[in-house]
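Novice: For the sequence shown, the working numbering gives the first residue as 127, with consecutive numbering after it.
Handing you a structure now.
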Amino acid sequence: MLNAAPTDLTGKTCLVTGAVGGIGASAVAHFAAQGGTVYATDIVPRFNGPATYRAFDLLDAAGLEQCTQWVAEIKPDVVFNNAAIFDMGSVLDADLDQYDRLFGINVRAFYAVLQAASKSMVANGQHGSIINLASQAGHRGEALVAHYCATKAAVISYTQSAALALAPHKIRVNAISPGVIDTPMWATVDALFAKFEDKELGQKKREVGEAVPLGYMGDPSDVARAAVFLACDQSAYMTAQTIGVDGGTVLR
Ligand SMILES: NC(=O)c1ccc[n+]([C@@H]2O[C@H](COP(=O)([O-])OP(=O)(O)OC[C@H]3O[C@@H](n4cnc5c(N)ncnc54)[C@H](O)[C@@H]3O)[C@@H](O)[C@H]2O)c1
127 MLNAAPTDLT GKTCLVTGAV GGIGASAVAH FAAQGGTVYA TDIVPRFNGP ATYRAFDLLD
187 AAGLEQCTQW VAEIKPDVVF NNAAIFDMGS VLDADLDQYD RLFGINVRAF YAVLQAASKS
247 MVANGQHGSI INLASQAGHR GEALVAHYCA TKAAVISYTQ SAALALAPHK IRVNAISPGV
307 IDTPMWATVD ALFAKFEDKE LGQKKREVGE AVPLGYMGDP SDVARAAVFL ACDQSAYMTA
367 QTIGVDGGTV LR
């Protein structure tokens, strides 16, 4: 039977963290274009986009507390749990300070937002959709990327646990694993690989793009379109999934 579920998000309240970044800003634009009412947050003071914006430092205890209170006030139907940072180091040089920063944002703050949104949806009887940003790095370790890979594996695991806990409430929880997407984060990634692998600036970024089976880095909108799909009723029977948006890199 044909059941053409709508892709529009009219009447839905959508929250995006890491909204100033490449993928976050695109998600804000796509949710708004689908009729969603968008709330956005990031660490920087201002944001130019179709959203009500608040700045919070999610690595700061008070900032994180204020953000989770804001989540309870917003009562989001859709959450794009996206804020994260990248850093490099093998087990020989990735120290505990790096661990605290990466796990502080990518896991602790990620979990706090996930929990605040889950509690709000349950309390308000909303059949919401939570979309977590994992990574291809969460599916396998990399010699030089010990902590970041571990944080993204944690995102995949929390997605599964949350999906099972929230299924009785008809709340869906899924993750997206981007491959290599051309965003501001890549300035950091490229510079770090230049240092660790003795490459020229821009070389790593060029190499990873060429290594993608489709032949190029993804655009933030490639991820944002998958987010719209997971946010709306097109994906009504999907929960606990981690979807790759990677141009085929999963098989490399
Ligand atoms: N770009 C890629 O190739 C790629 C690949 C796999 C996964 N991802 C994931 O996708 C998501 C988005 O990545 P992106 O490429 O758009 O990165 P980005 O760096 O462009 O955006 C990340 C955003 O998080 C925000 N942020 C960082 N620290 C914060 C803090 N303390 N408080 C509040 N906000 C903070 C940043 O300000 C930034 O705007 C991340 O979860 C990332 O790990 C990206």
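A virtual CB, placed ideally from N, CA and C, is assigned to each residue, including glycine.
#1: Just curious, the beta strand (DSSP E) that ALA188 is in, first and last residue?
#2: Quick check on ILE211: does DSSP put it in helix, strand or coil?
#3: Skipping 5 residues on each side, what residues in its chain have a beta carbon closer than 6 Å to that of ALA350?
#4: Would you please state the rounded distance, in angstroms, between the beta carbons of LEU356 and ILE257? I believe it to be under 8 Å.
#5: Are the region 196-212 and the region 155-171 in contact at 8 Å, needing three or more beta carbon pairs?
#6: Taking just the CA atoms, how far does ARG227 sit from LYS331?
#7: Can you tell me which of ALA352, GLY370, TYR284, VAL146 puts its alpha carbon nearest to the alpha carbon of TYR237?
#8: When the Cα atoms are used, what is the spatial distance from SER158 to LEU141?
#9: Could you tell me the alpha carbon to alpha carbon distance between ALA272 and SER287, rounded to whole angstroms?
#10: Per DSSP, which one or two residues make a beta bridge with SER152?
#11: Quick check: the region 299-307 against the region 359-370, are at least 3 beta-carbon pairs closer than 8 Å?
#12: Using the beta-carbon count (16 or more within 10 Å), is SER379 buried or exposed?
#13: Helix, strand or coil: which one does DSSP assign to VAL205?
#14: Could you check the C-alpha separation between GLY305 and GLY373 for me, to the nearest Å?
#15: Are the beta-carbon atoms of ALA145 and PHE173 separated by less than 8 Å?
#16: Looking at SER283 and ligand 1, is the gap between the Cβ and the nearest heavy atom below 7 Å?
Specialist: Taking the definition as stated:
#1: It is not in any beta strand (DSSP E) - ALA188 instead sits in the alpha helix (DSSP H) that spans 187-200.
#2: Reduced to three states, the DSSP call for ILE211 is coil.
#3: Closer than 6 Å at the Cβ level, and outside the excluded window around ALA350, lie SER152, ALA153, HIS156.
#4: Rounded to whole angstroms, the Cβ separation of LEU356 and ILE257 is 5 Å, and the two are in contact under 8 Å.
#5: A contact exists between the region 196-212 and the region 155-171.
#6: Taking the straight line from one Cα to the other gives about 24 Å.
#7: Out of ALA352, GLY370, TYR284, VAL146, the CA that lies nearest to the CA of TYR237 is found in TYR284.
#8: In the sequence as displayed, the identity of residue 158 is Ala instead of Ser. Going by the C-alpha atoms only, they are around 11 Å apart.
#9: C-alpha separation (whole angstroms): 23 Å.
#10: For SER152, which the question treats as bridged, DSSP gives no partner whatsoever.
#11: Using a Cβ-Cβ distance cut-off of 8 Å, the region 359-370 and the region 299-307 are in contact, since at least three pairs of beta carbons, one from each stretch, lie closer than that value.
#12: Shown here, the chain extends from 127 to 378; a query on residue 379 therefore has no answer.
#13: In the structure shown, VAL205 adopts extended strand secondary structure according to DSSP, grouped into three states.
#14: Here the alpha carbons of GLY373 and GLY305 stand approximately 7 Å from one another.
#15: Yes, they are a contact pair.
#16: No, since every heavy atom of ligand 1 falls outside the 7 Å radius drawn around the Cβ of SER283.
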